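Structure, as structure tokens:
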Amino acid sequence: MRSPTASRTRRGTSPTAGSGTSTRRRPPPDRPPQVLFNYLGRGSESEALRITGGGQGDSPYAVEVNAWTDDATGSLHAAFTLADGIPDAITGHWLTALARIANTSATAERTAPVTPLQRGLFFQAQMAGAAGHYVAQSWFTFDRRLDTGALAEAMAHVIARHPVVGAGFTTDDDGNPVQLLKAGRRVDVRTVELTTDAEVEALRTRDRESGFDPGEPPLIRLTVVRLPGGRDGLLLSYHLLLWDGWSREILLRDLFEAYEALAAGEPWDATPAVPGFEEYARTLAAKDPAVGERFWAEHLAGLPGPTLLAGPAPALSEELPQPIVHTLSAELTELLREAARVHGVTLNSVLTGAFGLLLGARTGRSDAVFGVTVSGREGEGHGDIVGVLLNTVPMWTRARPEETVGAYLSAVQAARVAAMDHEHLGLGEIQRAAGLDTLFDNLFVLQNFLDLDAFAAMNARHGITSVQADDSTHYPYTWVVTPGDRLTVKLEHRHGDPESARSLLDDYLSVLEDVARSTTGRMGALRGLGPDPEPAERTDVGTDTVVDRFDLAADRHPERVALVADGATMTFAELRDRSRAVAGVLAGRGIGPETTVGLAIPRSPDWIAALFAVLRVGAAYVPLELDHPDERIATIVEDARPEVILTVSSVSPRLSGELIELDRPLPEAEPYVTFAPDDPDRLRHPAYTIYTSGSTGKPKGVVTEYAGLTNMLINHQRRIFEPVLAEHGHRTFRIAHTVSFAFDMSWEELLWLADGHEVHICDEELRRDAPRLVEYCAEHKVDVINVTPTYAQQLIAEGLLDNPQQRPPLVLLGGEAVTPALWQRLAATEGTVGYNLYGPTEYTINTLGVGTFECLDPVVGVAIDNTEVYVLDPWLRPLPDGAPGELYVAGIGIARGYLGQSAQTAHRFVACPFGAPGERMYRTGDLVVRRPDGNISYLGRTDQQVKIRGHRVELGEVEAVFAAHPAVRFAAAVAQPDPQVDGAYRLAAYLVLEGAELAEVAAEVGAGLPDFLRPTHFAQVDSIPLTVNGKADTKALPEARPLGALTTAGERGPETETETVVCEFFAEALDLDDDEVSAVSDFVSLGGHSMLAVRLIGLLRREYGPVVTIRDLFTLRTPEAIARHLDEN
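Residue numbers (the UniProt record's numbering): 1 to 1129.
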């Protein structure tokens, strides 16, 4: 540094540079001596204004120092004004102290804050370890040999000018990441000789994979490769913590200019750049984050959740992503610029607005949130700073079909402008302000800092013949758009295969073109990403009802057993005749098409006879579930208003209205066979009204026509019955009827009757008692059982599939999602197949179906006969394969609607834009995705979706992982309201265990789950209670408790001083009582996750220093192991 100078003045004298003389004067006795030191900034002596007028003899201080830096020379000057009695030597002492400080600073290591993006990168790097993550490389080839000595000296000059280039990174006492800066750091230059491109590529790969330890600077490697023909290559590898893409241009310019000068023996100015990155980082760290946090909390209020194109826990490739690059045509590039001009927005707004539309369509939403990069260089002089000024902030786009494209793009631009004053806040802080663990998995970069002409000039000047730069982010998808005469779009993907990534890029190009060409249209007029659906083939189902088909079977085999119940049997002829007799009574009362009959009968053959009787006269039946409270039964009767209720004497006291008791002699009537056999439209009358729970709390009746039942039977005969029967010689099957008759799924068993098979009606106790039901199926050689997946798992746990000689050939599943574990168990069981049947009540029984012999995964299958299924975005536009959307169904089985609820019917049954005029489709509310093989996969609900820390959680996934554990007989996962967090949910797991402890199973299974899928509360139960429809009854489950509270009492407490402190820190970080943490408590099982890990590590480091990393925490996990690690280190 340039030497400072000092001048001194006595009161009443003029300043004299370097003077040591003074006139002594005792300070007034009424006040003690005082000192003023005033730094006046940069300028000349004449511009250096004294606050007190020092130098004129009137300073009130014993010592007054006015210092400034000469703007012309950069030298530091100081003028001392001394009172009487102050020795002149004080100026010399000051100069000596300055020299010592300067000498120390030249060799001492110091720390400086990091910027928000560096903070995030440091965390990710700590989690990844020292492998080749977050390593960037630049590979240059030269037409000449390089001077390695001059190159090393040039890099030393660059580090002197931009100290962050030589920085390391660690954490301070509070666990916060900081830069480690030290003058004089150098980078060694390694030299190797290679001859082929393959050898060069292998070198680059090895170098990248060796990675960097952020705490061991410098985080740079320089390798000169001697190539044949007098050429050299230069490999520059560095950690992404050091500088951003904008800085790369500055750094390379300085490096090669310094090299050129030093190689020629000329000086190069290595004076530290002003302003520098350290100053920038300190200024940023001093800002109050509260204002920014409030802004982002309000800006993202109402965000439904993260936009995760790769899913909540994607499997990402460890390899450097191979970019897919597309250069737009000059015509499309100009169209996009013209669209920006027409709409009065920037090109960036058009590009990001279109990208938001892509992500929304690809994730089944009309909104999307993704990361955008901001340069952080708005301040004066910031354009020349080398460091990580770049930051990543969320961009939330929201589109409405009724608004114009221009209005949408203006809103996108306005959102960016509103956020500009708050873009310095770190992404972690933004996510916490929004109440979410994560926001996005797509990063969108507009690379507008590249000066291609300047790069070309630099390359030509220094003999650089080629340049290749490689880096990557941790995001599954990173998009880089580079402006120019022709826009270039680059997609780097770490998720999925290249074909899928190419399709994704093509979709973005398609959206760009649509937006560019829509200068006056509305958003809803933009094309969707998927092709218009092809009309499905429709086949004629005839005019027979299911009962007509049953009569044909009865005519073929009248003495064959049709029904078995409580040991009694009823033949096909007896069932036919009984149902015709009851139908005669109904017909005699004038009951026929477009009328309703209630059924309130215990499970027995008469239930089937009564049901068939109603269908014979063409009326619609309304099943009344006798397990329901009388009040609910009365509500349904009042709403449905049946003409009559068929019942028995033991039930009739619970009912009101016109009753016919079937256990008493029937009134005289002629048997009735079937209604209106010659009417071609006879199947368009209602066949049943089944009630489901309504959003208002009042059940709503779904009115379904005969045509859907007939179509269902024909579909099943072709796709289910025939394949399975063919494997078993087309013998007569026995079917166990276990489903409530108030559930449309109960028709699955009854359709077998129409095909001539034997149905066993299981009474209320038997159908709900899993061990007894398994015994019954074995004893009676039952071939087909139809249950919910929840109940199927219980039956399998009780041995349903254990005996190869007695296991059923067919297990029908429906009513809820099938877990992978259940599907794989059925698929792996020799002699048994599973068949998954999906369908809302609003479409007759089933809409989709698939067997284990057709697909290895638990999908919901493909459409049944005469049915169309559409995967649509929120604007009813078709989506491509692989994009989630809402499932809509249309076809012969669609219900009429909700009885007496026209508004709800109009809301859920909408006009079908892909069918014939007047055709309707039903919005299921189910979120699905169509796979390339045509199968539909169920993802969840579009309404009332469960969120755990911002993530949509599929409970079936949690259940499947627990069910795969050998000690788990059954598992149910439940999202429960968190009483400590308003509006939030926590995961609870209910486990039926055999031969293992709850804590053991929870720890083993939880270790393989992402933190947001890991239950925090547990309960061990003897069985899972079921609702009347066979689904898990979550309301009847006991209270689940934190795992720590369940296990700590029997575990070892802390024994050493270190263990005691670590246990206390666990409790503090996890907000637990001290007695809930033992020495062997597992961090994850106590509810720990990534956000709490940072808190705990900060506490540990404050006490013990930086000897425990986040990675250590997730490896060691217990206070005992962490304490041992601390003691050993």
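From the three backbone atoms N, C-alpha and C, an ideal C-beta is built for every residue, glycine too. Model, not experiment: these values are computed from the prediction.
Look at residue i and residue j and say whether their C-beta atoms are less than 7 Å apart.
i, j, result
"F444", "F370", "yes"
"G618", "F675", "yes"
"residue 1176", "L316", "The chain is shown from 1 up to 1129; residue 1176 falls before or after that span and cannot be answered."
"F169", "F122", "yes"
"G799", "V774", "yes"
"V702", "E594", "no"
"S510", "P874", "no"
"R1066", "L1099", "Strictly speaking, residue 1066 in this sequence is Phe, with Arg absent from that position. Cβ distance not < 7 Å, so F1066 and L1099 don't count as in contact."
"I608", "Y691", "no"
"A985", "A975", "Looking at the sequence shown, residue 985 is not Ala but Tyr. Going by C-beta atoms, Y985 is nearer than 7 Å to A975."
"G956", "T819", "yes"
"L822", "V784", "no"
Under 8 Å Cβ to Cβ from residue i, same chain only, skipping five residues before and after it: list those, please.
i, result
"R580", "A613, R616, P671, Y672 and V673"
"D982", "Any answer about D982 is weak, because its pLDDT of 38 lies below 50 and its placement is not dependable; what the coordinates show is given next. Cβ within range, chain order: n/a, list empty."
"N935", "V850, C855, D857, V859, V860, G861 and V862"
Identify, in the order they occur along the chain, each residue of the same chain with its Cβ nearer than 7 Å to the Cβ of residue i, setting aside the five sequence neighbours on each side.
i, result
"V350", "L336, A339, A340, L409 and V515"
"T539", "D865 and N866"
"N846", "M712, L837, Y838, G839 and I864"
"R248", "none"
"R941", "G925, D926 and L927"
"D384", "I250 and A273"
"A778", "N803 and Q806"
"L611", "L599 and Y621"
"H462", "F256 and E260"
"E423", "V374, N391 and V393"
"R767", "T738 and L773"
May I ask which residues mark the beginning and end of the beta strand (DSSP E) holding residue i?
i, result
"P113", "E109 to P113"
"A716", "Sequence inspection shows His at residue 716; the Ala mentioned does not correspond to that position. Counting along the chain, H716 falls outside any beta strand (DSSP E), though it belongs to the alpha helix (DSSP H) covering Y706 to H716."
"W752", "Careful: W752 lies outside any beta strand (DSSP E), inside the alpha helix (DSSP H) at W747 to A754."
"S59", "Here S59 belongs to no beta strand (DSSP E), and DSSP marks it neither H nor E."
"V35", "V35 to G43"
"G940", "I936 to R941"
"D470", "I464 to D470"
"L409", "It is not in any beta strand (DSSP E) - L409 instead sits in the alpha helix (DSSP H) that spans V405 to A419."
"P686", "P686 to T692"
Would you please state the rounded distance, in angstroms, between the beta carbons of residue i and residue j? I believe it to be under 8 Å.
i, j, result
"A330", "D485", "6 Å"
"N715", "E748", "With 8 Å as the limit, N715 and E748 do not qualify as a contact, their Cβ atoms being about 12 Å apart."
"L751", "M712", "7 Å"
"S1078", "G1053", "6 Å"
"Y508", "V480", "With 8 Å as the limit, Y508 and V480 do not qualify as a contact, their Cβ atoms being about 12 Å apart."
"T704", "A583", "The pair is not a contact, with the Cβ atoms about 20 Å apart (cut-off 8 Å)."
"L357", "W246", "No, L357 and W246 are not in contact; Cβ-Cβ is about 28 Å, not under 8 Å."
"L666", "D606", "Going by Cβ atoms, the distance from L666 to D606 rounds to 11 Å, so no, they are not a contact pair."
"T346", "Q413", "6 Å"
"L439", "P306", "5 Å"
"A736", "H757", "The Cβ separation is near 12 Å, so there is no contact."
Who are the near neighbours of residue i in its chain, counting only those whose CB is closer than 6 Å to its CB and skipping five residues on each side?
i, result
"I1122", "V1062 and L1116"
"A67", "Y39 and A78"
"A285", "P113"
"R877", "G528"
"G175", "I1097, G1098 and R1101"
In terms of residue numbering, what span does the alpha helix (DSSP H) encompassing residue i cover?
i, result
"S902", "S902 to R908"
"F1083", "Premise fails: F1083 is in no alpha helix (DSSP H) and is neither H nor E."
"A368", "Segment D367 to V374 is the beta strand (DSSP E) holding A368; no alpha helix (DSSP H) there."
"E957", "L955 to A963"
Is there a Cβ of chain C sitting closer than 7 Å to that of residue i, yes or no?
i, result
"T732", "In the displayed structure, chain C is absent; only one protein chain is listed."
Contact between the stretch 984-993 and the stretch 1011-1024 (3+ Cβ pairs under 8 Å): Flag = yes, the stretch 984-993 and the stretch 1011-1024 touch.
Inter-stretch contact at 8 Å, needing at least 3 Cβ pairs: the stretch 218-231 / the stretch 180-190: yes
Cβ contact (3+ pairs, closer than 8 Å) linking the stretch 628-639 and the stretch 717-727: no
Stretch pair the stretch 903-911 + the stretch 387-407: three plus CB contacts closer than 8 Å: no
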